[in-house]
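Residue numbers (my numbering): 45 to 196. Remarks on the structure that follows.
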């Protein structure tokens, strides 16, 4: 994930596009292309873990603090992250040959697509409207992303 974004929303949106592309690459693979499946699924899991960390630690608290009407959106996003983290943990313990591996990647893809749509259509516009310092948030998020990535 690239950390030279102009603002927090641009940074998170670019992360969304990168993960969407990884899911597309996974879906295009043949049924028996297990090495590539594992590699791409691992990339998806790592990218989502990094992304969720910076959202939960930095972006969501800032959005919540900026306006009380974002409370429900932030709460839903945190619950969606918990569900995704559960699937990620399961996938990290599995191999592509395992029963339900492809199904779990597919469900993760669908959950993330729903989550991304809610963020981009509802949460991000409210964050812009509430005049958060999106450039400062992006700097903080980029630093934290680098710290977390170094431990993975």
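No residue lacks a Cβ here, since even glycine has one placed at the ideal position from N, Cα and C.
> Hey, residue 84 and residue 171: beta-carbon distance below 8 angstroms or not?
Replying inline: Counting from one through the chain shown, the residue named residue 84 turns up at place 40. Counting from one through the chain shown, the residue named residue 171 turns up at place 127. Their beta carbons are not under 8 angstroms apart, which means residue 84 does not touch residue 171 by this criterion.
>> Alpha carbons only, please: which of 146, 90, 103 and 194 is nearest the one belonging to residue 51?
In response: For the purposes of this step, residue 51 is taken as residue 7 along the chain shown, with counting starting at 1. Checking every option, the nearest Cα to that of residue 51 belongs to 103.
>> Can you find the residues in the same chain that come closer than 7 angstroms, C-beta to C-beta, to residue 138, ignoring five residues on each side of it along the sequence?
In response: Mapped onto the chain shown, residue 138 falls at position 94. Excluding its 5 nearest sequence neighbours in each direction, residue 138 has C-beta neighbours in its own chain below 7 angstroms: 145, listed in chain order.
> Who are the near neighbours of residue 196 in its chain, counting only those whose CB is closer than 8 angstroms to its CB and skipping five residues on each side?
Replying inline: As a working note, residue 196 is residue 152 in the chain shown. 90, 93 and 94, listed in sequence order.
>> With a threshold of 8 angstroms, are at least 3 pairs of Cβ atoms found where one atom belongs to the segment 151-160 and the other to the segment 62-71?
In response: Yes, the segment 151-160 is in contact with the segment 62-71.
> Would you call the segment 162-178 and the segment 71-88 in contact, with 3 or more CB pairs under 8 angstroms?
Replying inline: These segments do not touch.
>> Less than 8 angstroms between the C-beta atoms of residue 96 and residue 125, yes or no?
In response: Locating residue 96 in the chain shown gives position 52, counting from the first residue. Locating residue 125 in the chain shown gives position 81, counting from the first residue. Taking C-beta atoms as the reference points, residue 96 and residue 125 count as a pair closer than 8 angstroms.
> Sorted by chain position, which residues of the same chain lie with C-beta nearer than 8 angstroms to residue 122's C-beta, five sequence neighbours on each side aside?
Replying inline: As a working note, residue 122 is residue 78 in the chain shown. Non-local C-beta neighbours of residue 122 in its own chain, meaning closer than 8 angstroms and more than five positions away in sequence, comprise 100 and 104, ordered along the chain.
> Going along the chain, which unbroken runs of the alpha helix (DSSP H) with 4 or more residues stay wholly within the segment 144-173?
Replying inline: Complete alpha helix (DSSP H) runs here, min 4: 145-162 and 168-173.
> Rounded C-beta distance between residue 108 and residue 115? I'm assuming under 8 angstroms.
Replying inline: For this step, residue 108 is matched to residue 64 along the chain shown. For this step, residue 115 is matched to residue 71 along the chain shown. Contact flag correct, Cβ pair sits at about 6 angstroms.
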